[in-house]
Every structure is written in structure tokens, then in C-alpha cells.
Amino acid sequence: MGGNVVVSLNQTGEPVEFNWQGASYRVLEKPVRWFSRRQWWAEASRVQRGIGKEVLEVEMWRLQTNAGFVELMHPAPNEWRLVRTYHSPNN
Amino acid sequence: MNNFTHLHVASAFSGHYGVTRPEQMAEAALASGFSALAITDRDGLYGAVKHIGACLQLGLAPIIGVDLNIFDDDGSSLGRCVILAHGNNQGAGWATLCKIVSVAHEKRKPSNPNAKLGSKKDIGIGRRMLSELMANGNCTLLIGPDSDVGRQVVAGNRQLASALLENWHGLFKYPGSFGIEIVSHLTQPGSVFSSLQARRMVELADANKIPAVLTNAVRYLEPDDAVTADVLDAARHLEALGLLEEQPNAQAWMKPTQKMLALAIEITEDRGRALELFEVTAKLAERCRLDPPNDCGWGKPKTPEQSALGITGNPFEVLWQKAHAGIERYYPDANDKLLQQVQHRLGQELITINKLGFATYFLTVADVAQMIRDMKIRSQARGSGAGSLVNYLLGISGVDPIEHDLLFERFLSTERSSLPDIDIDVESARRHDIYRAIFKRYGSQRVTLLSMQSTYRGRGAMRDSGLALGLDDEEIDNIAKNMWRFSARSFRGAIATKPELAEFAAAVEEDRRMNLLVDITERLDRLPRHISMHPCGVILGDASLLNLTPVEPSGVGLPMSQFDKDDMDPMGMLKLDVLGVRMQSAMAYAVREIARVSGKELDLDAVARDDAATFKAIRTTNTLGIFQIESPGQRELTGKHQPTQFNDLTIQISLFRPGPMKGNMIAPYLDGRHGFAKPDFIHKDLEPILRETWGVVIFHEHVIRILNVMTGCGLAKADEMRRSLENPRANHLVQKFFRTQCAARGYSQAVVDRVWSILEGFSSFGFCKAHGAAFALPTYQSAWLKTHHPAEFMAGLFTHDPGMYPRRLLLSEARRLGVELLPIDVNCSTDEYRVEKIRVEKLPAEKLGVRMSLTEVQGISEAEVERIIAEQPFIDVSDFYLRAKPSRRTMERLALVGALDSVAGISAGEVFTRGDVMARVRQLNAIKKRPTAREDQPTLDFSTLNFGDLEQLPTGNQDMSITERVQYELDILHLDVSQHVLEQYRPMLDEMGVINSNELVGLRNKSEVLVAGVRVATQTPPMRSGKRVVFITLDDGTGCSDATFFDEAQSRCSHILFNTKLVIISGKTRRTGVRGVSIMAENAWDLKELWNQWLIAVEDRKQAQDLYV
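Taken in sequence, the protein lines are chains P and D.
For the first sequence, numbering that gives the first Met the number 0 gives the first residue as 0, with consecutive numbering after it.
For the second sequence, numbering that gives the first Met the number 0 gives the first residue as 0, with consecutive numbering after it.
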């Protein structure tokens, strides 16, 4: 999994379409967004005052496409990574 | 739409959970446009007073609540919930909140007062009990995502969630006393703190017609702080990050109104419903706004009621009578002139006390002081209270304020309405007795202890950070041992500049985790670390005390308020500091020993305060064990100062502060005193004031008098102005007043300018003379005892260990004084250090020695000590073994330090070696089961034992060399009793030309020397230059040498600078005064390392010589 994804957003900043591995997918329902976390103690080289948010937190999106569900990680403004795909959500 | 109010907020005073101090929270809230803010700390009201104070200052409305664990009837946890107090109800809500918190801590109270406190997991309140306490509806309970209801909602069990909700609702029926807390931290849908869960909670609330309230369950100010929160969570769990359940993300911050609205909309998916959430929240916030003076007794001083003090009639009249009765007692031989002065002064003080309404306060303190005297415990007031004649006449303070020229206004005046501080020094060993007596006397509803919050400093912050990162103990210790006194937040700066951290600095460059270690250590700076009992404070209030403060168990069997010393004044609480001072215990012990050994009853407080021999002894600078003046810096100052009278001690104690040292007051004072310079009084009006200090402004009292003389403003106003000098905002007003008045009274511009520049620079420099005088008394008394009764005094020092130095230095000093320390002896030693008469051969008189205590033996138990004392005397080693029943370890250790030597000698009548004793001990210890010595058995049956004749010790065992003896003594007693630990290195020291420290004073200035010794003090006091200078003091048995290390020297020996015990130092002597000499260090070495190298060199030399034979 992983790898670069290119995402198009609407006015309110929600994904409406994305490209991955040469294919294009349209987002069907309203996307779900939440915030997850990273293990900065294992990854980061510095955690001085001021950079806490970017080393600790990461925005996540769950998008429904006609090919199933997709979970994207959005760690930086133009960086999107595919985390996993599945056919039905847990909740 | 109103602005939002955060109702669930944890400040840094939620231990190891919250990140931001209340003051910072309040400032940020104001900047965000909030009009009110709540603090709901975990398990208590620890941050409440600071929060209220910050809000009042900033114009925010304060709200207080608590976040508590709630238990079901069967003891299982229903989750943490928030309880908020309603305000503007004459303190009814506040009192209920205090009671709830106090009850929540009750389970931790151990049944036996001396047992450990119960686990923190026991903190919490039963739901049923909570509902009873909240029956009057003056608080609101909110249950949220983490409650039993919330958890069932997340699991999707709607019906069960509803049923559980009904359990709650059924108990909290009073309208407005119960609500559901709606929170979303935007976590993954389907998990706790997700918007989905919040949505379901809203639906549940609506379906059951229960108010839904929006919060953000805040634990830090900004998202960046979440990293710090992670570290705190690790510290709280005592586990490395990755091995505990960390917080889900960084959303628990104090979000502004707009973001909270966006959250509400995301949760409800309906703008109208979101606005309704906002409104209900705002309504609750409105109800909870506190009116601190009327709800919390804010700013209203409270003392015990008259009846509690046993006073009938007008308290002021009672005070008047008691004070006047004191005149007879304390001024029995006063002439008319002095009596007039006393009467006049007393009258003035009483008028002020009456105006302030503090008569009961003084009667309370006098009552406590009398109670302590009745318990036959030494006590003495310290601080500015020594300046009050009323205090002196009531027996609270021990220094005559008229004789020592002290000012009442420095202590109390009509310009200040807050209760003055009175601190009483008492024998440290008895202070718990005093606390219990105070509780008994005034009743437990009027008295509590108070708490103290320690904060993270450099080393502690690094340790907890290391734990969080999963570093192992050894790694952490290695770094910690070179961290010397810097604040956590300047860790990175310290690594760059301090030579002893060079190795660690290299590690930081290469190891990612070390870099993180530095970053997170800095983040922990000054966060509260531990709450504990304030070691000296007692709160004395009236019967409403427990309605104003919550209490929790302290660990000493008495309840303590959750408020700390800074919270006392705002809350109008009277805090009496009863300080345990070990020197008072040591002196009381010495006095008792004098009585026991010589039969003389000594009244230490009545001893004349001008004994020439005492001052002579002080002037030698051998002031080890003397209160206040035993530190290396004080010894140097003594060498320069050469005090001759009591007032000199007051001045010396006052001078030895960072202020005067930085402010260049010492040199002009000493020059004036020794006649090297003519004192400059600036103006003849100031001469009477500054005569005692040769023109140098040292005391607060000087400033008060100068301001008064030059402006005519009166002493009370003068003290107010003095206090304002420290305040950068009020400073210019004082200056304006000063200059105007002085000009009007005819002082020249030059004089005014000079005086003002001194006063302006004064603020951080001066010292209160009353403090100094109060301290000078035990300084003098301890010096007097050391001079006239050295053995009894040393016995007191050993037993109570009041000083800054390790005990082996006391041993060294005793040796130097000619007070022999008698070794531990199972027949003579007790559990204290006792004075014993020693017969000296060929001399008729007896010397006094001090017998070491059994308790010095490492690992010996209280029970073992008791048994030995109970069964003394013993006739031989086996008798000791059978009747005292020591453990194998203790038996061996006693033998190794020679405690059995005399016992071994007694029965046999022959001289055995300690090696023989050890052999016997090994035999006895080898016996599997100790036989009981039964009295009905005329002879002991030893048929089960494997050795022959018991009466005779085995012989022919090699004795211990003196070096071995000393080594065992150091290991087992941490004391080198037989000889100074340095002596075993004598051959090398002599060859190197190391000199004794008592020879230094006879050398010329700038002589090159080598000194050696055991490190007894390492200091880095603040210097004028701002650079770090390291002072190391060594003891070599003949005295102490003091060496100074500047930057170059520090970098030459940085790896041993802070951590090696036995040291050799090279440098040049520097005379600092009449009897003062120190060493400008050039380099330093680990003595043991040099010794090992030297032994090899000696061996090589010997072999080389042998070759030539």
C-alpha cells in the first residue's frame, strides 16, 4: 500500500476525485474525516516547541468510491498517501 | 450567539496530565475573546485559587469544577465525570464542591497513621454518595464520552446506554444538576471521542430530555502541547511511549469559539441544533460564574473564633493585658528611660493591631507559642515578626527589638491589610507532636496542613523524559550525574556551554533519541511534578474552614488542604509556619546531655550574648556545625569579617545573600569596619541610621528609616514605598514623591541623586534585619555550645545531623576538637550518640567522648537495635549472638566495625584479634537455627553445635590492617572512624608534596600548592560576571580547604568536576582576609586513579632497583 495519490478538492476542502496508480476514482458519498496520530518518538528527529502538531497528528480521510472504500492519509498540504482499501466500513 | 465558554479544562495542576498553567490559560482565553473560563482539574482544586486570581486580574469570570472518577455501588468505575460548582449563592456551591473532593480522597487514608497512603486509583466518589452531597442542587454533574453511558454508545448498544443513563438520571433529579457532556476530538469514527459518538450522545440526551452541554475536554492550550502531554502520560503510567495507550491525536486544546461552532455543526449536522448546544452551554456557564469574595471568602482574613482560643471578653483587652504582663518579665531591670521607651512603642504597636483587627491573630500565635513551651520544646520565631515588641512580650520571638533596633512597620502596618507571616522554628524531631497538639487544641474542623507542589527541574525532567523514550536506567544515570543545577528549559543551551556535558553533546549529534531527549526535557520545564505535604505549614481557621478548602490525606496522619502557600493570602487563610529546624533539636539534645552528664541545668536562652571565647572561636573560621555560618562561602566571609559581637552576626548573615554579593556591599562595609576606608554617610542625617554598617545600606530597615528621615512620610508609609521599589510600575511614583519631598526639606540635588541611586538599586539587594537578628540567635547559641560544651554539642550534631556536610566531616571535626568518637560497642552503644566520660591515663581529670550509635550500622533494623539495648550487657560473643538475636548480616557487620571487640575481650581475659572475632562470627552464622537461651536451663545444650569449647575464641587469625578497618567502616557506617580515609594514601601524598589544609593559612600569597581530601561541598553560587564558577571544599582531617575553579580549570578536569569523592587539587593560594585563604585551582585529579598509577610506578621502581642488586 502507500504510494503517491493525487487528490482534487472541492470548495470546502473535501476530496471529490483522486488518481492512483494510473486510475481515476470519483468520491460518491460525503467523505469522513478524522485525526489520527503518529509515533513521533520512533520517527521524528526533533520535537522542539512549535512543531508538535506536525509530528504528532495526521489527518485521515475515508472515501467511498464505486470500487469500494479507501482510507487516505494527508500528512502535508500536497501529500496524500493511500493507507488501505476495503469493501465495507466498520462503522 | 454568545461567545463560547470552556467548561471542562485540565490545568497543569492536574498532575501528570494537564500541560498549561492556569495563568497562561486565562491570558489565552482573554485573547480568544472568551468572557469566562472554567478549570476542572483532576481529583482536586489544585489550580483553583491561581485560576480565580488570574481571572480577577484579567476581568474574566472564573468557574471552578473538578474531574473525578465515579464509582458504582459495587466499586467498579463508571468513568471520569465533571462536577461544576454554581456561583453567587453565598458559597453554597463552593462548599459542596469542597466536600465532594474531600470525600473523594477519603479512601486513601490509611487506618494506621504511619502506614503508606492508599493507591491513587482509590481516589473517587461513589455515585450514590455524590447524589446525596448534591441533593441541594448547587452543583452540576456532567457525564461524557468516557462514562459507562458513553462507552455503550460507542459499542452501539443503544438500549443498554439508555438504561445506564436512567441509573444516573434517577439519582440526580434536582433540575439543572445533571447533564450530558458532548465532546468530539475528531477521532476515528466508531471510537471514543469521535463526532459519531458525540452525535449519538446528543440523540440520547434529546430522547431523555436531559440537557446536552458542549465542551472540548481540554488538557492543553495549543496542539503543539500534545507532545508534552504524551510525555506526561508516559510518566504517569511509569511506562515508555509505545507501551501505553496514548491519546488519539492533538485535538484536546482550548479551541476558539469559531472552531467550537464548527465542531457543534459537524456533530449535530444541523446548525439550529448546534446553536441550541451553544445556548445550553452558555446558560450553565452563567450559573457557574463565581463571586470570589462571597462564594470563596476571597480576600477576607479568618482566624479561630474567640471561644476556640478560650478567650472571654474583648480580645483586644486580653492582648493588651498579656503584653503588659510581659514587660515585668522581659525588662525586669529597666531604668525609667527604657521603660518609657517600651511603653511608648508598645502603645503604638497595639494601636495598629487594633486598627487592623488582628488582636485575635496575635492571641492565636501566642497561644501556640505557649503550648509549645508547655510541651518543653525549643522554639523561636523567625522573620520580620522579630521586629515586633508585642511578639517579644508575648514570648513568640526571642530577640529584643528595642535593643537590636528593629522596626515594627517592617512586619505590620495599616498600609497592608493582609495577615502577616509568622514563622516559628522548633526542634525538628518534635514537630509532628506539635502539629498533633495544634489539631487537638483547636479542633480538626479549624486546622489543616497545607500542600506544596514541586516542579520539574533539570535532572528530574531528564529522568522522566528518558523513561518516556525507553532509555535504560544506566543511560539515564550517566547523563544525570553530570547535570548540575540548570533549569530544564535551558538544557540545549547547557549542552553547548558546559564542559562536563561534552560527552553527552556528542551523543546528541549522533543519536536521534538523545536529540529528542533534550527537546522533551525542555518542554517539562516548571510543570508541577509532585504534590506533597508542605513540611512546615499549618492553616488555622475558623469553623468554616472545610467549607472553603478541600482536604486530602497527607501521609502523616493529618489532613492537608489542596491549596499551597501562595493560595493562602488570596483565600484569607492564616498560615502558621512551624519549621522543624534540626539545629534546634541538636541544641536541645546537647542541653539534655549536659544535664545528664554533669547534673547542670542550662537555660540556653538566658546565656549572656557577649561571650568573648565564643566570638574568638568563630573568628578561627572553624565554624563547622554552627548555624548559618558553616558553608565555605560563610567561612571565607568570617575570615574577612572577624565578628566580635552579636550585631556583627546579624550583619554577616544578612550580607551573605546573592544580592549583597552582586551589589558590592560587602567590600565597602569591610573596608569601613577594618579602618581601610573612611565611611561615607552621604549626609549627616543618615549617620545615626548607617553607623552600624559603616555607611553601607544593607537592611530593609535602613531604607525605611532613610525614606522617613528624608521625606517625613512616617515609617509605615516608608515601608510601603520600599515594597514599591521592587515594582517596575510603581517605582517612578516613589521617585517622584522622594525627590519632591527631599527638595522641599532642603536636601541638595547631589545628595538626593546619590541616595536615590542607592535606593533604586536596593530592591533585590537588601535584607530584613529582623530576619538576620532572629537567625543570629541560634547562630550564637550553637557557637556558644560548640565552644563550651564541644562533646555534648557534637553528640547533638551527630544525632540530628542539621548541617550541610556529610557526617564523616563531623567526625573529622570532632577529632580536630579533641572530642574522641568512641566506636560502636554492643555493650555501651544505644540508639543515640551519647556523651561518655573517658578515663585518661596518668591524668586525674576525665575527658568527654561521644559513643557512636548502633543505628549507624548499615541495614540494622529498629527491632535489632531495641533488642541489643534491652539485653545489654553481654559477656561474650556467643552470649550476644544468643540473646540479642541479630541477623547474620548485622552480626557480621557489627563484628567488622569492631562492635564486638570489647565483648570478646571481657570473657576470655586475653587479647584476641578482630580476625579471631570474625572467625567466631562465621561459626555462629553458619548455625542453621539459632538455639534459644532459656533461663531454666543452667547450661546451654550445645550437642547440636559443631564446635568445641565456647568460652575460648578461636585464635591465630590474622588481624585486620588499619586500611581494611577503615574500608569496612566506610562501607558499613559511611564513617572513617579508626583514621581519616586519606591516611592510607599518605606515602603517595607525602611524595607528591601535598600539604595539610591547616598549613595553608601560614603560606605566602600565590604559593603553588597541592591539596588532597574528601569532597564535602560543591557549589556554583551566582557570580557578578554571570559566568559559572565552581567551588570545591575538601576535608583532609586537619581542616577544610576551599578551591575555586574558573572556566579554564573547569575544562581541564571536567570529567571529575562534579562526581569524584577523593580529589587532589593543584593551584595557587589566595589570601582573602585576616584568616582567610583559598586556592585558585589549576587542575584536579581523581585521587584513587593516581594512587593506582603510583603503586604501579613504585612496583616498577622496585623491580628496576632489584635489577641492579
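Just so it is clear, CB atoms sit at the ideal spot from N, CA and C, and this is done for glycine as well.
Item checked: Runs of alpha helix (DSSP H) lying entirely within the segment 67 to 114 of chain D, each at least 4 residues, in chain order -> 91 to 103
Check: If you drop the 5 nearest sequence neighbours on each side, which residues of the same chain put their C-beta closer than 7 Å to that of Trp-1093/D?
Finding: Met-987
Next item on the list: Output, in sequence order along the chain, the residues in the segment 34 to 46 of chain P whose CB is closer than 8 Å to any CB in chain D.
Entry: Phe-34, Ser-35, Arg-36, Gln-38, Trp-39, Trp-40, Ala-41, Ala-43, Ser-44, Arg-45 and Val-46
Check: Closest to Asn-215/D by CA distance: which of Asn-334/D, Ser-416/D, Pro-188/D and Ala-261/D is it?
Finding: Ala-261/D
Next item on the list: For the segment 978 to 995 of chain D and the segment 582 to 601 of chain D, state whether three or more C-beta atom pairs, one from each stretch, are separated by less than 8 Å.
Entry: no
Next item on the list: Find the nearest neighbour of Leu-251/D within the set Ile-926/D, Leu-6/D and Thr-1037/D, judged by alpha-carbon distance.
Entry: One point to set straight first is that residue 251/D is Ala, not Leu, in the sequence displayed. Minimum Cα distance to Ala-251/D is reached at Leu-6/D.
Notebook entry, point to check: In the DSSP assignment, what are the bridge partners of Val-5/P?
Noted result: Asn-18/P
Notebook entry, point to check: How do the segment 774 to 791 of chain D and the segment 557 to 576 of chain D stand: do at least 3 beta-carbon pairs fall below 8 Å, yes or no?
Noted result: no
Notebook entry, point to check: If we count Cβ pairs, one from each stretch, closer than 8 Å, do we get three or more for the segment 1043 to 1052 of chain D versus the segment 1078 to 1090 of chain D?
Noted result: yes
Next item on the list: Could you tell me whether any Cβ in chain D is nearer than 7 Å to the Cβ of Gly-51/P?
Entry: yes
Item checked: Through-space distance from Ile-264/D to Asn-90/P, alpha-carbon basis -> Reliability fails at Asn-90/P, whose pLDDT of 45 lies under 50, so the model's placement of it is uncertain and no value is given.
Checklist line | Residues near Leu-220/D in its chain [Cβ-Cβ closer than 8 Å; skip 5 each side] | finding: Val-18, Thr-19, Gln-23, Met-24, Ala-27, Trp-252 and Met-253
Item checked: Integer Cβ distance of Val-702/D from Leu-758/D, believed to fall under 8 Å -> 6 Å
Check: Taking Ala-84/D as the reference, which of Asn-137/D, Val-100/D and Leu-44/D has the closest Cα?
Finding: Asn-137/D
Notebook entry, point to check: In angstroms, rounded to a whole number, what distance separates the CA positions of Leu-308/D and Arg-618/D?
Noted result: 47 Å
Note to self: Once the 5 residues before and after Gln-347/D are set aside, which same chain residues still bring their CB inside 8 Å of it?
What the structure shows: Phe-407
Notebook entry, point to check: Buried or exposed: which applies to Leu-363/D, given that a residue is buried once 16 or more other Cβ atoms fall within 10 Å of its Cβ?
Noted result: Residue 363/D is actually Thr in this sequence, not Leu. When all chains shown are included, Thr-363/D counts as buried.
Margin query: Suppose you measure from the CA of Glu-963/D to the CA of Trp-1090/D; what does that come to, to the nearest Å?
Written below: 16 Å
Note to self: Does the contact criterion of 3 or more C-beta pairs under 8 Å hold for the segment 101 to 117 of chain D versus the segment 544 to 552 of chain D?
What the structure shows: yes
Notebook entry, point to check: Given a threshold of 16 other Cβ atoms within 10 Å of its Cβ, counted over all protein chains shown, does Pro-1021/D qualify as buried or as exposed?
Noted result: exposed
Next item on the list: Grab the span of the beta strand (DSSP E) containing Ile-538/D for me, first residue to last.
Entry: 527 to 539
Notebook entry, point to check: Can you name, in chain order, every residue of its own chain whose Cβ lies under 6 Å from the Cβ of Leu-544/D, other than the five neighbours on each side?
Noted result: Arg-445
Next item on the list: Count the other C-beta atoms from every protein chain shown that fall within 10 angstroms of the C-beta of Leu-1106/D, then say buried if there are 16 or more, exposed otherwise.
Entry: exposed
Check: Beta-carbon of Ala-249/D versus every beta-carbon of chain P: anything under 7 Å?
Finding: yes
Note to self: Strictly under 7 Å for the Cβ-Cβ distance: is Thr-186/D near chain P by that measure?
What the structure shows: yes
Check: Leu-448/D: which of Ser-553/D, Asp-647/D and Ser-417/D sits nearest, CA to CA?
Finding: Ser-553/D
Note to self: Tell me the rounded alpha-carbon separation between Leu-714/D and Ile-697/D.
What the structure shows: 17 Å
Checklist line | N-terminal and C-terminal residue of the beta strand (DSSP E) that Val-1140/D is part of | finding: Because chain D in this structure spans residues 0 to 1108, residue 1140/D falls outside the shown range and cannot be described.
Next item on the list: Thinking Ser-486/D and Arg-522/D are a contact (beta carbons under 8 Å), I'd like their distance in whole angstroms, please.
Entry: Incorrect: roughly 12 Å between the Cβ atoms, too far for contact.
Check: Taking the continuous beta strand (DSSP E) assigned at Asn-1082/D, which residues delimit it?
Finding: 1075 to 1085
Notebook entry, point to check: In three-state DSSP terms, what is Asp-975/D?
Noted result: coil
Check: Can you list, in chain order, the residues of its chain whose CB lies under 7 Å from that of Arg-126/D, leaving out five sequence neighbours each side?
Finding: Ile-69, Phe-70, Asp-71, Leu-77 and Leu-170
Next item on the list: Closer than 7 Å by C-beta to Ile-1116/D: which residues in its own chain qualify, once you throw out the five before and the five after it? Chain order, please.
Entry: Since the first residue shown for chain D is 0 and the last is 1108, residue 1116/D is missing from the structure and cannot be characterised.
Checklist line | Straight-line Cα distance separating Gly-14/D from Lys-1110/D | finding: Examination of residue 1110/D is not possible in this model, given that chain D is present from 0 through 1108 alone.
Next item on the list: Report the residue from Asp-830/D, Ala-501/D and Leu-575/D whose alpha carbon sits nearest the alpha carbon of Pro-534/D.
Entry: Leu-575/D
Margin query: Quick check: the Cα distance between Phe-946/D and Pro-953/D, rounded to an integer number of angstroms?
Written below: In this prediction, Phe-946/D scores a pLDDT of 42, lower than 50, which makes its location untrustworthy; the coordinate-derived value is nonetheless stated afterwards. Phe-946/D and Pro-953/D: Cα-Cα distance of roughly 10 Å.
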